[in-house]
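Report on one structure; see the data block that follows.
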Amino acid sequence: MKKSLPPLVLLVVLVLFPLVVRDNYYQHLMILFLMWVVIGSGWNLIAGYTGQVSFGDAAFFGTGAYAAGLLSMHLGISAWWGMALGGFAAVAIGLPFGWICFRMRGAYFALATLALNEVMRNAATIAEGFTGGMVGILLMPTFVSKIPYYYIALALAAASIACVRIIASAKLGYYFVSIREDQDAAESLGIDTHFYKMVSLAFAAFWTGMAGTLYMNYMGFIDPSVVFSLHDISIMAILVGIVGGVGTVYGPAVGAFVMIAVQEFFRSGFFGFFQGLGDMTGISAFLSLSGLLKQGHVLGFGILVIVVILFLPNGIVGDWEKIRRKVFRLRPTGEGA
Amino acid sequence: MQVFLQVAVAGVLKGGLYALIGIGMTLIMGVMGIINLAHGQLMMVSMYVSYVLFSSLGIDPYLTLLVSMPALFLLGVVIQKFLLNPLMKAETILPENQVLMTVGIAMVLTEIIRFIFKSDYRSVTTSYSNATFFVGGISFSMALVIAFFIALAFTGAMFLFLVKTDLGRSIRATAQDKDAAVLMGVNTGRITVITFGLGAGLVAAAGTLLAPVFYIFPDIGGPFTAKAFIITILGGLGSTVGAIFGGVTLGLAESLGATYLGMDYENIIGMTIFVLVLLFLPGGFKRLTKV
Numbered sequence: 011m012k013k014s015l016p017p018l019v020l021l022v023v024l025v026l027f028p029l030v031v032r033d034n035y036y037q038h039l040m041i042l043f044l045m046w047v048v049i050g051s052g053w054n055l056i057a058g059y060t061g062q063v064s065f066g067d068a069a070f071f072g073t074g075a076y077a078a079g080l081l082s083m084h085l086g087i088s089a090w091w092g093m094a095l096g097g098f099a100a101v102a103i104g105l106p107f108g109w110i111c112f113r114m115r116g117a118y119f120a121l122a123t124l125a126l127n128e129v130m131r132n133a134a135t136i137a138e139g140f141t142g143g144m145v146g147i148l149l150m151p152t153f154v155s156k157i158p159y160y161y162i163a164l165a166l167a168a169a170s171i172a173c174v175r176i177i178a179s180a181k182l183g184y185y186f187v188s189i190r191e192d193q194d195a196a197e198s199l200g201i202d203t204h205f206y207k208m209v210s211l212a213f214a215a216f217w218t219g220m221a222g223t224l225y226m227n228y229m230g231f232i233d234p235s236v237v238f239s240l241h242d243i244s245i246m247a248i249l250v251g252i253v254g255g256v257g258t259v260y261g262p263a264v265g266a267f268v269m270i271a272v273q274e275f276f277r278s279g280f281f282g283f284f285q286g287l288g289d290m291t292g293i294s295a296f297l298s299l300s301g302l303l304k305q306g307h308v309l310g311f312g313i314l315v316i317v318v319i320l321f322l323p324n325g326i327v328g329d330w331e332k333i334r335r336k337v338f339r340l341r342p343t344g345e346g347a
Numbered sequence: 041m042q043v044f045l046q047v048a049v050a051g052v053l054k055g056g057l058y059a060l061i062g063i064g065m066t067l068i069m070g071v072m073g074i075i076n077l078a079h080g081q082l083m084m085v086s087m088y089v090s091y092v093l094f095s096s097l098g099i100d101p102y103l104t105l106l107v108s109m110p111a112l113f114l115l116g117v118v119i120q121k122f123l124l125n126p127l128m129k130a131e132t133i134l135p136e137n138q139v140l141m142t143v144g145i146a147m148v149l150t151e152i153i154r155f156i157f158k159s160d161y162r163s164v165t166t167s168y169s170n171a172t173f174f175v176g177g178i179s180f181s182m183a184l185v186i187a188f189f190i191a192l193a194f195t196g197a198m199f200l201f202l203v204k205t206d207l208g209r210s211i212r213a214t215a216q217d218k219d220a221a222v223l224m225g226v227n228t229g230r231i232t233v234i235t236f237g238l239g240a241g242l243v244a245a246a247g248t249l250l251a252p253v254f255y256i257f258p259d260i261g262g263p264f265t266a267k268a269f270i271i272t273i274l275g276g277l278g279s280t281v282g283a284i285f286g287g288v289t290l291g292l293a294e295s296l297g298a299t300y301l302g303m304d305y306e307n308i309i310g311m312t313i314f315v316l317v318l319l320f321l322p323g324g325f326k327r328l329t330k331v
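Residue numbers (the working numbering), protein chains in the order written: chain F, 11 to 347; chain S, 41 to 331.
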């Protein structure tokens, strides 16, 4: 009970958030954050728990987004129906892929997912008659206010975390972890590793696809280079996973928060701080610093990855004890004073 | 038939350079067992080194090899020594941390270059950039032919180095069995550093040789990283001969595909070959030739 208290408090805070903060900008950031929690949780299941690192999450994300977009484009029905279909469309892409590619291990599998990512993007670009090609799909947003989107995103994020949590404490989770730790040992204990890797991939693809449909409905515009982007989706999903902590239930949530914060920190030039400072004091150095920060958000990501891997290889949640010891100079819990 | 020959020639020439890229990658993969996802970005850096020397000092791009290769060798040494080797000891959940690290390095390299040079397209235009000559009705790009032969020379030199010298033998020993190599008195820590440096130096050569042919921009690295691992998988991990075959195969397939299927398919072809090879010939050409 004690362990589930902080997440519940956090959930209540998140439910109340849009009622307190009316600013569209912060609501937008929170929706993005919640979307990344969903994607991060999906990635965490396949990579963090099962140990099959995926470099191609965008393949599932894009499939989900296109499932929703194409429904509305070809059948003329609301893209919200994509919510019912998008996750399963991603699973439908993921399962045949997994059936073929899970014979490969470790880095080979990672490369195959990367290839899937590229193939999907190129396929969506070439099939112009069906997907609209580079023109993309444009939808009219259903709601003017951001609040409905916020609650839908929150529901998805909460559901994805609950899903990871239930799996992690069930037999299935132990199967996944055993595959990650030693596939041969798992096999020799009678675990059908090929089957359970597919199960894990199905969950991951489902949640990533759901995030894709949310993106389609919320943003109202997709094209292949946006939703099948290697850097903006696949690599970002990995960053969310490793910054937060692989193989932890709440890691992706922490990672998503940090990544969105860092992204906006750079994109807005320290939230306009240096811009304001420059305008106020009239010193042009602050203005150029603000400009540099705006350009450097990918550089910031890169440096963050290097620093996190070097010093916190298990992520913020995974290495929390280490952070407590080093930064706060506290002793690990349970040892006593 | 004329078209086919023309396309085949273009493909083989391009393939020679791909081979050079692939050898660097396959060395790193063989010795360290990691996929270097910053490989194309290292090549991009070397292209900029050549570009700067060419545009500011007017040095012929082929002479800048003397600068770009040592510079990238050093960069590779620094990356391996200070960023990748420390990860070997760390206890982590995911064994792929080193690969993720190279992703971070790739991002940092690309963005630093973008910071300095902006995203503009640059070109190294020499008198022979667009020159061609004809043999039996088939046109040969002068720049690509020169690059092809220099690439061949480097490939041959690398092969001799790996087979004949002590250091080369140590590298191959480390690739075959790290523990056994340590027992035989090979300083594997140093070997990994040298190998990464060599890999970076080779891809730097490819970058400089391609500088007169391609437009240079910060994002050019990504597609070449993809090509590099396709070549490596095609050829078989750690196989130098395989990398040469893989490079030429990819070059040919891309040229033929672009001509007979359409430009759109050029990228898909590489990826499709990659998946097919992983499925039906895991281990790549190495399995067929046993070299």
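Quick reminder that beta carbons are idealized off the backbone N, C-alpha and C, glycines included.
| Check | Outcome |
| --- | --- |
| Note down, one range per segment and in chain order, each alpha helix (DSSP H) of at least 4 residues found wholly within the region 168-225 of chain F. | 181-191 and 193-198 |
| Using alpha carbons as the reference points, say which of S:267, S:269, S:53 and S:87 lies closest to residue 153 of chain S. | S:87 |
| Is residue 162 of chain S helix, strand or coil when you go by DSSP? | strand |
| Return no unless some Cβ of chain F is closer than 9 Å to the Cβ of residue 61 of chain S. | no |
| Output, in chain order, the set of chain S residues within a Cβ distance shorter than 9 Å of residue 211 of chain F. | Ordered by position in chain S, no residue passes the 9 Å Cβ test against residue 211 of chain F, which lies about 16 Å from the chain. |
| Under the assumption that residue 148 of chain S contacts residue 313 of chain F (Cβ atoms under 8 Å), give the Cβ distance between them as a whole number of angstroms. | 6 Å |
| Just to confirm, are residue 64 of chain F and residue 252 of chain F a CB contact at a threshold of 9 Å? | no |
| To be precise: take each residue of the region 143-157 of chain S, compare its Cβ to all Cβ atoms of chain F, and keep it if any distance is under 9 Å. Which residues remain? | 143, 144, 145, 146, 147, 148, 149, 150, 151, 152, 154 and 155 |
| Of all the options F:16, F:287 and F:155, which has the alpha carbon lying nearest to the alpha carbon of residue 35 of chain F? | F:155 |
| Which of the three DSSP states is assigned to residue 89 of chain S in this structure? | helix |
| Just the C-alpha distance for residue 331 of chain S and residue 217 of chain F, rounded to the nearest angstrom, thanks. | A caution first: residue 331 of chain S carries a pLDDT of 47, below 50, which makes its placement in the model too unreliable to give a value. |
| Closest to residue 112 of chain S by C-alpha separation, out of S:236, S:159, S:160 and S:288, would be which residue? | S:236 |
| Whole angstroms is fine: what's the gap from residue 319 of chain S's alpha carbon to residue 177 of chain S's? | 40 Å |
| Between residue 149 of chain F and residue 48 of chain F, which are expected to be in contact by the criterion C-beta below 8 Å, what is the C-beta distance as a whole number of angstroms? | In fact, because the Cβ distance is near 20 Å, the residues do not count as touching under 8 Å. |
| Could you tell me the distance, in whole angstroms, from the CA atom of residue 264 of chain S to the CA atom of residue 80 of chain S? | 5 Å |
| Could you pull out every residue in the same chain whose Cβ sits closer than 7 Å to the Cβ of residue 208 of chain F, ignoring the five residues on either side in sequence? | 105, 108, 109 and 112 |
| Answer yes or no: does any C-beta atom of chain S fall closer than 9 Å to that of residue 311 of chain F? | yes |
| Just to confirm, are residue 310 of chain S and residue 270 of chain S a CB contact at a threshold of 9 Å? | yes |
| Can you tell which of S:46, S:218, S:308 and S:75 has the C-alpha that lies nearest to the C-alpha of residue 181 of chain S? | S:46 |
| Write down every uninterrupted run of the alpha helix (DSSP H) in the region 208-246 of chain S whose length is 4 residues or greater and which is fully enclosed by it, in chain order. | 218-223 |
| Does the beta-carbon of residue 233 of chain F have 16 or more other beta-carbons within 10 angstroms, so that it is buried, or is it exposed? | buried |
| For residue 327 of chain F, I'd like the list of residues in its chain whose CB is within less than 7 Å of its CB, leaving aside the five on either flank, ordered along the chain. | 254, 255, 258, 260, 261 and 264 |
| Does the distance from the CB of residue 166 of chain S to the CB of residue 146 of chain S come in under 9 Å? | no |
| Using a beta-carbon distance cut-off of less than 8 Å, what residues from the region 38-68 of chain F approach chain S? | 57, 58, 61 and 63 |
| Cutting at 6 Å between CB atoms, please list the residues of its own chain near residue 78 of chain F, excluding the five before and the five after it. | 89, 92, 96, 223 and 226 |
| What are the boundary residues of the beta strand (DSSP E) that includes residue 181 of chain S? | 178-181 |
| In chain order, what are the residue ranges of uninterrupted alpha helix (DSSP H) at least 4 long that sit wholly in the region 59-115 of chain F? | 67-80 and 92-111 |
| Closer than 7 Å by C-beta to residue 171 of chain S: which residues in its own chain qualify, once you throw out the five before and the five after it? Chain order, please. | 182 |
| Which residues in the same chain as residue 297 of chain S place their Cβ atom closer than 7 Å to its Cβ, once the five residues preceding and following it in sequence are excluded? | 305, 306 and 309 |
| Mind checking residue 66 of chain S: buried by the 16 CB within 10 Å criterion, or exposed? | buried |
| Please work out which residues of its chain come closer than 7 Å, Cβ to Cβ, to residue 214 of chain S, disregarding the five sequence neighbours upstream and downstream, and give them in chain order. | 71, 221, 226, 228 and 231 |
| So, for residue 182 of chain F: in the same chain, excluding its five sequence neighbours on each side, which residues have a beta-carbon less than 8 Å away from its beta-carbon? | 206 and 209 |
| Do residue 53 of chain F and residue 163 of chain F count as a contact pair if the criterion is CB distance below 9 Å? | no |
| Give the range of the beta strand (DSSP E) segment to which residue 172 of chain S is assigned. | 172-175 |
| Using a Cβ-Cβ distance cut-off of 9 Å, determine whether residue 299 of chain F contacts chain S. | no |
| By how many angstroms is the C-alpha of residue 121 of chain S removed from the C-alpha of residue 133 of chain F? | 40 Å |
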